Amino acid sequence: GERGVPPPVARCAIESAARQNPEKTVWVLSDGWSLAALHGKFPNVKHRPLEPERTLSVHSGLLEWFSAGEWRAGHRFHHLSDSMRLALVLGCGGTYLDTDFISVAPIPAMEPGAFTLGFEDAIDGTEDRTMCNAVLSTPRPGHPFARALVDEFVQTFDAAANFGWNGPQLLGRAWRDNEQIRESVVRAPPARFYPLPWFHTAKLFDHGPAELEKLLRRGPGEAVGVHLWQSQVRAQLKFIGSDYAESTLVGSLFSRACPDTWKWLAVPAQSRLSKSQARIRIIQPGSGRQFSSVELQRSKAHRVKGGQPGVEDQVQREEEAGVLIQAVVEGPGHVLDDLHLCMTADGAPVGHCQPVLNSEPDKVYAQL
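At position 110 of the sequence shown (counting the first as 1) the number is 97 in our numbering, and the numbers step up by one without a gap.
What follows is the structure, encoded as structure tokens:
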């Protein structure tokens, strides 16, 4: 899986869920993400390793399916994700959210004994809508419909099938074939969980805040969040905060739902220095350790040794209305947890200190 801090969309999803549901625990399942920064500000955010065998052991058929290894064919990570979300709601209850679901309101109180999911819009505007598996909610473990979903998954899994067969389309098959338990299932209208249809994702980037307000007021009842359909727009989502500012729908959504993540993504005006000299400090707030103190001149890029054995700092800059500074720090992964990049101009603080955005096992990046 991915290593280091969560990518921006996942960070926003986690932060927004934690903000909107302060009395609930937000469990993040990951083998590689570091959540130190989120833990510090949102104590309701907790981490658990994926442990597929342990999670899937709630159903013997799921465990056999995993052990057989058929899931490794085709879209293997999607297959594993589809299976694990069903196992989690069956074995633990609660609410499952995809990490591209941005919360704008608290999770509604669950109806006793109900299993809640949501419709997404049909592309032709008809009532022939599909149920989506990005949000699944039940107040208790062992709900009959959760068990029906798992049974359907085990019996009909096809690694070579179309993208939705083992995911959203599975919900419709389980609904069709289990008439006796339908009354315990609440199917929310699209406006509740999926106000932005998958076939209108272009609006994220070419519409503004007014369109966001329209989406969130689409129907009766409050929209809980916006699903970003990340698999379709992954390339564009990398540019939130730079190419897609607060004047876009997606920028407005991030600044509203996850302001901390938005601050990390946006490149603020005070970080573009017009002065001839800037000082970069790369620090680890938890320990107070400082890795480097590097003088930047407009005409030079410096490569220096950091204060930590085995750590090398490479500082680069570009001319763009001043100096846009990017620092790359390479070294042992455990040294690079919880890093911040801070800048001063002519020795005086400019009031900007930013956590790193992305990371690989031995490399972190921060842009100012």
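Glycine is no exception: its CB is placed at the ideal position from the N, C-alpha and C atoms. Since we're looking at a predicted model, the values are computed, not measured.
Three-state class that DSSP yields for residue i in the structure shown
i, result
"T103", "strand"
"C119", "strand"
"A175", "strand"
"W152", "coil"
"F144", "coil"
"S90", "strand"
"T235", "coil"
"T42", "helix"
"I168", "helix"
"T125", "strand"
"P255", "For P255, the pLDDT reaches just 46, beneath the cut-off of 50, and the residue's location in the model is therefore unreliable, although a value from the coordinates is still provided. Looking at P255 - three-state DSSP - the assignment turns out to be coil, as it is neither helix nor strand."
"V298", "Caution is warranted here: a pLDDT of 36 is assigned to V298, below 50, making its placement in the model unreliable, and the coordinate value is therefore given only provisionally. Looking at V298 - three-state DSSP - the assignment turns out to be coil, as it is neither helix nor strand."
"V(-8)", "coil"
Where the beta strand (DSSP E) containing residue i begins and where it ends
i, result
"H34", "32 to 35"
"L16", "13 to 16"
"H214", "212 to 214"
"G48", "Here G48 belongs to no beta strand (DSSP E); instead the alpha helix (DSSP H) covers 47 to 55."
"T82", "81 to 84"
Whole-angstrom C-beta distance between residue j and residue i, which should lie under 8 Å
i, j, result
"E176", "G206", "Before going on, a small fix: residue 176 reads as Pro here, not Glu. That pair is a contact at about 6 Å."
"I1", "L16", "At roughly 11 Å, the Cβ-Cβ gap does not stay under 8 Å, so I1 and L16 are not in contact."
"R174", "L104", "6 Å"
"S211", "F180", "What sits at residue 211 in the sequence shown is Val, not Ser. Right, the Cβ-Cβ distance comes to about 6 Å (below 8 Å), so this counts as a contact."
"F132", "F102", "4 Å"
"H34", "L22", "5 Å"
"V213", "P182", "6 Å"
"S124", "M97", "6 Å"
Contact with chain C by residue i, beta-carbon distance below 9 Å
i, result
"G154", "Here chain C cannot be found, since the structure has a single protein chain."
Cβ neighbours of residue i in the same chain (closer than 6 Å, five flanking residues each side left out)
i, result
"P196", "S239"
"W162", "none"
"V172", "F102, F132"
Cβ neighbours of residue i in the same chain (closer than 8 Å, five flanking residues each side left out)
i, result
"N31", "A5, N8, P9, E10, K11, T12, V13"
"M118", "L104, G105, F106, E107, P155, L158, G159, W162, R174"
"H65", "F150, N153, G154"
"A(-3)", "W20, T86, D87"
Proximity below 9 Å, CB of residue i to CB of residue j
i, j, result
"V91", "L203", "yes"
"G78", "V45", "yes"
"A74", "L37", "no"
"W20", "P(-5)", "no"
"N149", "S70", "no"
"F356", "W52", "Lying before the first or after the last residue shown, residue 356 is absent from the chain, which here runs from -12 to 355."
"D145", "A121", "no"
"L252", "H194", "no"
"G48", "D164", "no"
"G100", "P128", "no"
"E209", "P39", "no"
Alpha helix (DSSP H) segment containing residue i, residue limits
i, result
"I1", "-5 to 7"
"L67", "63 to 78"
"R221", "217 to 224"
"G27", "23 to 28"
"A197", "196 to 203"
"F192", "190 to 193"
"D247", "246 to 252"
Contact set for residue i: own chain, Cβ-Cβ below 7 Å, skip 5 residues either direction
i, result
"A244", "C(-1), S3, I89, S90, V91"
"Q223", "F192"
"A135", "A161, N165, I168"
"G61", "A146, A147"
"E198", "K190, L236"
"I227", "P(-5), V237, G238, F241, L252"
"E233", "S239, S242"
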